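The opening residue of the sequence shown carries number 1 in the working numbering; numbering runs sequentially from there. C-beta atoms are modelled at their ideal positions from N, C-alpha and C, and glycine is treated no differently. It should be emphasised that the depicted structure is a prediction, and the values quoted were computed from it without experimental measurement. Right, one structure below, let's go through it.
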Amino acid sequence: MSHATEIMPILIMAIAVADSIHIISHFYHHVSLTPDPVARTITRATMTEMLSPVVMTSLTTMAGFLALGTVGAESISELGYFTAFGVFSALIISITWIPAFLAILKIPKRYRGKESRRHAADWVEKWGFFLVRRQKWLMPFIVLMTLFSIWGISRLQHSFSSVENFPVDHPVRFANEIVNEHFAGTTSFDIMIEGREPGDMKDPVLLSQLDELKQLALKIDHVGSVQSLADFIKRINKVLHADDPAFYTIPPIEARVTGSEWVEKNGGWVEVSKEYTVSGEELVAQYLQLFEMSGKPQDMSNLVDYPYRHAKVSIMINSDKQSTLRAIDQELTTYINENMNRNENISAAITGMAKLFLVVDDLIVKGQIWSILTSLLLVWVITWAMFRSPTVGLFNTIPLFFALFLNFAFMGFAGINLNLETLTISSIAIGVGVDYAIHFVHRYRIKLREGLDYDAAVPATMREAGLAIFFNSITVAAGFSIIAMSQFVAIMEMGVLITLTMLTAAFGALTILPGVFLTFKPKSLAR
Numbered sequence: 001m002s003h004a005t006e007i008m009p010i011l012i013m014a015i016a017v018a019d020s021i022h023i024i025s026h027f028y029h030h031v032s033l034t035p036d037p038v039a040r041t042i043t044r045a046t047m048t049e050m051l052s053p054v055v056m057t058s059l060t061t062m063a064g065f066l067a068l069g070t071v072g073a074e075s076i077s078e079l080g081y082f083t084a085f086g087v088f089s090a091l092i093i094s095i096t097w098i099p100a101f102l103a104i105l106k107i108p109k110r111y112r113g114k115e116s117r118r119h120a121a122d123w124v125e126k127w128g129f130f131l132v133r134r135q136k137w138l139m140p141f142i143v144l145m146t147l148f149s150i151w152g153i154s155r156l157q158h159s160f161s162s163v164e165n166f167p168v169d170h171p172v173r174f175a176n177e178i179v180n181e182h183f184a185g186t187t188s189f190d191i192m193i194e195g196r197e198p199g200d201m202k203d204p205v206l207l208s209q210l211d212e213l214k215q216l217a218l219k220i221d222h223v224g225s226v227q228s229l230a231d232f233i234k235r236i237n238k239v240l241h242a243d244d245p246a247f248y249t250i251p252p253i254e255a256r257v258t259g260s261e262w263v264e265k266n267g268g269w270v271e272v273s274k275e276y277t278v279s280g281e282e283l284v285a286q287y288l289q290l291f292e293m294s295g296k297p298q299d300m301s302n303l304v305d306y307p308y309r310h311a312k313v314s315i316m317i318n319s320d321k322q323s324t325l326r327a328i329d330q331e332l333t334t335y336i337n338e339n340m341n342r343n344e345n346i347s348a349a350i351t352g353m354a355k356l357f358l359v360v361d362d363l364i365v366k367g368q369i370w371s372i373l374t375s376l377l378l379v380w381v382i383t384w385a386m387f388r389s390p391t392v393g394l395f396n397t398i399p400l401f402f403a404l405f406l407n408f409a410f411m412g413f414a415g416i417n418l419n420l421e422t423l424t425i426s427s428i429a430i431g432v433g434v435d436y437a438i439h440f441v442h443r444y445r446i447k448l449r450e451g452l453d454y455d456a457a458v459p460a461t462m463r464e465a466g467l468a469i470f471f472n473s474i475t476v477a478a479g480f481s482i483i484a485m486s487q488f489v490a491i492m493e494m495g496v497l498i499t500l501t502m503l504t505a506a507f508g509a510l511t512i513l514p515g516v517f518l519t520f521k522p523k524s525l526a527r
């Protein structure tokens, strides 16, 4: 289980109820029109009308979740696959068990041949009449909302920060701020260096580059500290030269060292000083051997391995903002490519938690684009096949664009960043939100084929399908709102956004879609 998959049961429960709402709503609509209804006959008529849109909405919902598999994050992909299976299971139950129960149901007398129970339908129908009367204002309203959404989207940021998922007053977040403010930081870049042969890390040229890299990194804002093997070599070199600060450096490629030897003089042996030329690599090897013989050789174990073939440079950062980490990453990458990676015997790569944050951040952006495109394409293909018209299939995506635009605009105005959790919202919104459009378009086409004109078909569709769409959106939104109660900030934001998206998708189906039909009166709907 992960933060993503742990919300799967809530998602399935909230979505699974949608089909049953439409089936039961249309069942009682037929009951209200029949003076002496027979449950079995009414059930058969209901399923004849509703089987196609119910199957279609379930397939599009599954498509939305399956599109999460294109994100590239395993936890998000698992959420998509298993939730899609849950939606399929709910579909099977909705088209088998529910009709079976309705067929044996004893219909209460107060529902027979009466529409008095459908007071809510009267209000939805009035909304349809209102749209017809004000149809000339609908397109300007749509354009205005689109421009407003674009303004909000321009303020949208994307980032990945595990600490920000905790509430502001949480001890973990407070401790993180203290460490970042007063110490080296809690986020790190680790530069992993690999040589071809054991002992390659003793090369003075490489050690000098590690020291240069440290000096470069320390000049960058928000870099708290840098540790590498070069620090130990410089310190040992200084100590072995009587703590002379001039020797706090990496030994050169060839070094002149002063030693001693015993010579015979005046019939005896005396010690005299002598200068030797020693390679820097040999000198470093001797320093390391001395350090290994010290009391704490393990102090260096987190920076280099024993064969001295692999080494690490640890850079601590006191910020986890994506802009800061990306700037540091670019500086380090430039230096590594221009210096270390030009050495045929050495390869260097940047890793660490900071690099992971950047990779996830890139994954969020690319995954968001791919999941939206994939889910929209799948939804369009499915609705095209079911309605047998590419144009009608395209109409079903109109409320989705409206819902997505408002969703991203709200995130921009509210300061909610794109992250792994909010990444799933677009596909969920497309997969679930298209259900409302499908039911509206399906019923609207029936009314046109019955002989109603484009204006009259709107309130008629509202009365028969609008009420179910309204209650469906309220029910699904209420189910998703449970997620907003999470103490984990990213999950809480996800719950708020999905709830909002379900309502805006329903509003789009009951307002934007009729507005498009009333304005353009597409002939493909009546075919």
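Tell me whether Glu181 is buried or exposed, calling it buried when 16 or more other Cβ atoms sit within 10 Å of its Cβ.
The residue you call residue 181 lines up with position 181 of the sequence shown. With fewer than 16 other Cβ atoms within 10 Å, it is exposed.
Between which residues of its own chain and Thr501 is the CB-CB distance below 7 Å, once the five residues before and five after are set aside?
Position 501 of the sequence shown, counted from the start, is the residue given in the question as residue 501. So the qualifying residues of the chain are Ala403, Asn407, Ile425, Ala429 and Gly433.
Use the C-beta contact count for Phe101: other C-beta atoms within 10 angstroms, 16 or more gives buried, fewer gives exposed.
Taking the sequence shown and counting its residues from 1, the one referred to as residue 101 is at position 101. That one is exposed.
Can you find the residues in the same chain that come closer than 6 Å, C-beta to C-beta, to Ile153, ignoring five residues on each side of it along the sequence?
Taking the first residue of the sequence shown as 1, we reach residue 153 at position 153. Contacts found: Phe408, Ala409 and Gly412.
Just list the residues that DSSP pairs Pro217 with in beta bridges.
Along the sequence shown, one-based indexing puts residue 217 at 217. It is worth fixing the name first, because residue 217 is Ala in this sequence and not Pro. BP columns for Ala217 are empty, so no partner.
Classify Leu147: buried if its beta carbon has 16 or more other beta carbons within 10 angstroms, exposed otherwise.
Here residue 147 refers to the residue found at position 147 of the sequence shown. Answer is exposed; the Cβ neighbour count stays below 16.
Quick check on the burial criterion: 16 or more other C-beta atoms within 10 angstroms. Buried or exposed for Ala121?
Sequence index remark: in the sequence shown, residue 121 carries index 121 (1-based). So Ala121 counts as buried.
Out of curiosity, what's the CA-to-CA distance linking Ile512 and His30?
Translated into the one-based positions of the sequence shown, residue 512 becomes position 512. Translated into the one-based positions of the sequence shown, residue 30 becomes position 30. Computed Cα separation, rounded: 28 Å.
Distance check for Ile369 and Arg463, CA to CA, integer angstroms please.
Walking along the sequence shown from the start, residue 463 turns up at place 463. Walking along the sequence shown from the start, residue 369 turns up at place 369. Arg463 and Ile369: Cα-Cα distance of roughly 37 Å.
Within 10 Å of its beta-carbon, does Ile253 have 16 or more other beta-carbons around it, so buried, or fewer, so exposed?
Against the sequence shown, residue 253 aligns to sequence position 253. Label assigned to Ile253: exposed.
Which of the three DSSP states, helix, strand or coil, is assigned to Gln487?
Walking along the sequence shown from the start, residue 487 turns up at place 487. Coil, per DSSP.
Which one or two residues does DSSP pair with Gly268 in a beta bridge?
One-based indexing of the sequence shown puts residue 268 at position 268. Paired residue(s): Lys265.
In whole angstroms, what separates the C-alpha of Ser116 from that of Ala45?
As a position in the sequence shown, residue 116 is number 116, starting the count at 1. As a position in the sequence shown, residue 45 is number 45, starting the count at 1. Here Ser116 scores only 45 on pLDDT, less than 50, and its place in the model should not be relied on; the value that follows carries that caveat. Computed Cα separation, rounded: 21 Å.
How about Thr57 and Ile438: do their beta carbons lie closer than 8 Å?
For the purposes of this step, residue 57 is identified with residue 57 of the sequence shown, where counting begins at 1. For the purposes of this step, residue 438 is identified with residue 438 of the sequence shown, where counting begins at 1. In contact: Thr57 and Ile438 (Cβ atoms closer than 8 Å).
For Met192, which three-state DSSP category applies?
Indexing the sequence shown from 1 puts residue 192 at position 192. In this structure, Met192 counts as strand in the three-state DSSP scheme.
Using only alpha-carbon positions, find the residue among Asp305, Ile416, Ala468 and Leu210 that is nearest to Gly199.
Residue numbering aside, residue 199 sits at position 199 when the sequence shown is read from its first letter. Closest option to Gly199, Cα to Cα, is Asp305.
Going by the beta-carbon positions, is the gap between Arg196 and Asn339 smaller than 8 Å?
Against the sequence shown, residue 196 aligns to sequence position 196. Against the sequence shown, residue 339 aligns to sequence position 339. Contact flag unset, no.
For the stretch 310-327 and the stretch 277-292, state whether three or more C-beta atom pairs, one from each stretch, are separated by less than 8 Å.
Short answer: they don't touch.
Buried or exposed: which applies to Ile178, given that a residue is buried once 16 or more other Cβ atoms fall within 10 Å of its Cβ?
Here residue 178 corresponds to residue number 178 of the sequence shown, with the count starting at 1. Ile178 comes out exposed.
Near Glu275, which residues of its chain fall below 8 Å by C-beta distance, leaving aside the five closest residues on each side in sequence?
For the purposes of this step, residue 275 is identified with residue 275 of the sequence shown, where counting begins at 1. Cβ neighbours of Glu275 beyond the five flanking positions: Arg256, Val257, Thr258 and Gly259.
Looking only at DSSP bridge pairs, what is Thr187 linked to?
As a working note, residue 187 is residue 187 in the sequence shown. DSSP lists Ile317 as partners of Thr187.
Which residue wins for smallest C-alpha separation from Tyr436, given the options Ala477, Glu194 and Leu332?
The count along the sequence shown starts at 1 and reaches residue 436 at position 436. Checking every option, the nearest Cα to that of Tyr436 belongs to Ala477.
The alpha helix (DSSP H) that contains Gly86, what's its start and end?
Taking the first residue of the sequence shown as 1, we reach residue 86 at position 86. Start and end: Glu74 to Ser94.
Just list the alpha helix (DSSP H) runs in the stretch 121-179, keeping only unbroken ones of 4 residues or longer that don't cross its boundaries, in chain order.
Counting only runs of 4 or more, we get 138-153.
Please determine, among Leu91, Ser371 and Thr70, the residue with the shortest C-alpha to C-alpha distance to Ser52.
Here residue 52 corresponds to residue number 52 of the sequence shown, with the count starting at 1. Out of Leu91, Ser371 and Thr70, Leu91 has the C-alpha closest to the C-alpha of Ser52.
Flag this pair as yes or no: are the beta carbons of Gly352 and Ser225 separated by less than 8 Å?
Translated into the one-based positions of the sequence shown, residue 352 becomes position 352. Translated into the one-based positions of the sequence shown, residue 225 becomes position 225. Cβ distance not < 8 Å, so Gly352 and Ser225 don't count as in contact.
Please look up how many angstroms separate the CB atoms of Ile21 and Phe471, rounded, as I've assumed it's under 8 Å.
The residue you call residue 21 lines up with position 21 of the sequence shown. The residue you call residue 471 lines up with position 471 of the sequence shown. Yes, Ile21 and Phe471 are in contact; Cβ-Cβ is about 6 Å, under 8 Å.
Apart from the five residues on each side of it in sequence, which residues of its chain come closer than 8 Å, Cβ to Cβ, to Phe27?
In the sequence shown, residue 27 corresponds to position 27, counting from 1. Ile42, Thr43, Thr46 and Leu102, listed in sequence order.
Apart from the five residues on each side of it in sequence, which residues of its chain come closer than 7 Å, Cβ to Cβ, to Thr391?
Translated into the one-based positions of the sequence shown, residue 391 becomes position 391. Cβ neighbours of Thr391 beyond the five flanking positions: Pro522 and Ser524.
For Lys447, count the other beta carbons within 10 Å of its own beta carbon; 16 or more makes it buried, fewer makes it exposed. Which is it?
In the sequence shown, the residue the question calls residue 447 occupies position 447. So Lys447 counts as buried.
Tell me, please, which residues DSSP counts as bridged to Glu275.
For this step, residue 275 is matched to residue 275 along the sequence shown. DSSP output for Glu275 lists Thr258 as bridge partner(s).
Classify Glu74 as buried or exposed, calling it buried when 16 or more other Cβ atoms lie within 10 Å of its own Cβ.
Walking along the sequence shown from the start, residue 74 turns up at place 74. It is exposed - the Cβ of Glu74 has fewer than 16 other Cβ atoms within 10 Å.
Using only CA atoms, which one of Ala354, Asn343 and Leu303 lies nearest to Ile328?
Reading the sequence shown from its first residue, position 328 is the one you call residue 328. It is Ala354.
Could you tell me whether the Cβ atoms of Ile469 and Ile483 are closer together than 8 Å?
The residue labelled residue 469 in the question sits at position 469 within the sequence shown. The residue labelled residue 483 in the question sits at position 483 within the sequence shown. Taking 8 Å as the Cβ cut-off, Ile469 and Ile483 do not qualify as a contacting pair.
Tell me the DSSP secondary structure of Ala242 in three-state form.
By 1-based counting over the sequence shown, the position of residue 242 is 242. Three-state DSSP puts Ala242 in coil, outside helix and strand.
Does the distance from the C-beta atom of Ser32 to that of Leu467 stay below 8 Å?
If you number the sequence shown from 1, residue 32 lands on position 32. If you number the sequence shown from 1, residue 467 lands on position 467. Going by C-beta atoms, Ser32 is not nearer than 8 Å to Leu467.
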